[in-house]
C-alpha cells in the first residue's frame with residue numbers, strides 16, 4: 064500500500080515536472096533557427112492566400128445577401144473587410160510565439176467573414192423554413 068502511494072506520488076511529481084518543462088519559454092530559440100528573409104516571404108505569401116480566401120467568402124456573403132429581399136449591412140461590411148485586408152497593411156513581424164502578425168490578422172479577418180457567411184446561411188435557411 065505504501066509502495067503504491069509512493070509510486071503515485073513520484074508519477075504525479077514527474078507529470079508536474081514535465082508540465083513545467085514544457086511551459087518554459089522557448090520562443091527565442093524557436094525564432095532563431097529559421098532564415099528570416101525566407102520566413103518573411105512565406106508569411107507574406109500566406110497572408111495573400113488568406114486574402115484570396117477572404118475575397119471568395121466575402122463574394123459568397125454578398126451573393127447570399129443579394130438574393131434575399133431584406134438586405135443587411137453585410138453587403139457593405141464583407142467587401143470592405145476584404146478590400147482593407149491586413150495582408151496589405153500589417154507588416155510581417157514575429158509575435159511572441161514566433162507567428163507573424165500579418166498572418167494572424169489575416170486569419171482573424173477570414174474567420175470573421177466565415178462567421179458572416181454562416182449567419183447569412185442560417186438566416187436564409189430560417190426564412191425558407193418559415194415560408
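Numbering (this note's numbering), first residue to last: 64 to 194.
Cβ coordinates follow ideal geometry from the N, Cα and C atoms, glycine included.
Exposed unless 16 or more other CB atoms sit within 10 angstroms - verdict on residue i
| i | result |
| --- | --- |
| residue 205 | Residue coverage of the chain in this structure runs from 64 to 194, which leaves residue 205 outside it and unanswerable. |
| residue 98 | exposed |
| residue 127 | buried |
| residue 192 | exposed |
| residue 171 | exposed |
| residue 106 | buried |
Beta-carbon proximity list for residue i, same chain, < 6 Å, skipping 5 on both sides
| i | result |
| --- | --- |
| residue 169 | 110, 113, 149 and 150 |
| residue 145 | 117, 118 and 121 |
| residue 164 | 153, 156 and 158 |
| residue 87 | Confidence in residue 87 is poor, its pLDDT being 41 and thus under 50, which makes the residue's placement unreliable; the coordinate value appears in the next sentence. No residues qualify anywhere along the chain. |
In DSSP terms, what residue i is bridged to
| i | result |
| --- | --- |
| residue 163 | 157 |
Rounded Cβ spacing between residue i and residue j (contact assumed at less than 8 Å)
| i | j | result |
| --- | --- | --- |
| residue 179 | residue 124 | 5 Å |
| residue 141 | residue 176 | 6 Å |
| residue 131 | residue 187 | 6 Å |
Close Cβ partners of residue i (< 8 Å) along its chain, the five nearest in sequence each way excluded
| i | result |
| --- | --- |
| residue 166 | 106, 109, 110, 113 and 155 |
Same chain, Cβ closer than 7 Å to residue i, five either side skipped, listed in chain order
| i | result |
| --- | --- |
| residue 89 | Only weak support exists for where residue 89 lies, its pLDDT of 38 falling under 50; the value from the coordinates is given anyway. Around residue 89: no qualifying Cβ. |
Go through the segment 98-161 residue by residue and report every complete run of the alpha helix (DSSP H) that reaches 4 residues or more, in order.
-> Taking only runs of at least 4 residues, the alpha helix (DSSP H) segments lying wholly in the segment 98-161 are 99-129, 137-146 and 149-152.
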